[in-house]
Amino acid sequence: MISPAFVDNVTAKTDIAELAAEFTELIPKGNSLAGPCPLHGGTGATFTVSPDKQVYKCFKGGSGGNAIKLVMNVQKCSFPEAVVFLAKR
Numbered sequence: 001m002i003s004p005a006f007v008d009n010v011t012a013k014t015d016i017a018e019l020a021a022e023f024t025e026l027i028p029k030g031n032s033l034a035g036p037c038p039l040h041g042g043t044g045a046t047f048t049v050s051p052d053k054q055v056y057k058c059f060k061g062g063s064g065g066n067a068i069k070l071v072m073n074v075q076k077c078s079f080p081e082a083v084v085f086l087a088k089r
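Per UniProt numbering, numbering of the sequence shown is gapless, rising by one per residue and ending at 89.
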């Protein structure tokens with residue numbers, strides 16, 4: 001089992017903007033970044049990342065969350081697998 005302290009540490013060390021940029025092209029849009037959704041495809045800016053809040057939101061499919069949730073959705077993996085993925089970055 002992964003300890004909550006380890007999960008908190010991995011989350012704190014992960015910049016969601018850098019992570020999301022590994023999955024899709026992002027451009028500045030106000031205080032956020034926007035681009036095509038890596039989960040639902042398309043060419044429009046339906047995917048936004050808030051670096052200040054460390055969260056993402058897809059306005060096409062409605063998904064959103066933190067870095068761990070993004071990895072779980074994009075990589076189609078479990079919570080522990082997503083934490084390990086981020087820890088190895």
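The beta carbon of each residue, even a glycine, is placed where N, CA and C say it ideally should be.
With contacts defined as CB atoms closer than 9 angstroms, T24 and A67 fail to qualify as a contacting pair. In terms of Cβ geometry, G61 and L39 form a close pair [threshold 9 angstroms]. Secondary structure at A87: helix, using DSSP grouped into helix, strand and coil. In this chain, the beta strand (DSSP E) harbouring P28 covers I27 to K29.
The C-beta of N73 has 16 or more other C-beta atoms within 10 Å across all chains shown, which makes the residue buried. Annotated three-state conformation of T48 is strand, per DSSP. Using a 10 angstroms sphere on the CB of S32, the tally of other CB atoms reaches 16 or more, which defines it as buried.
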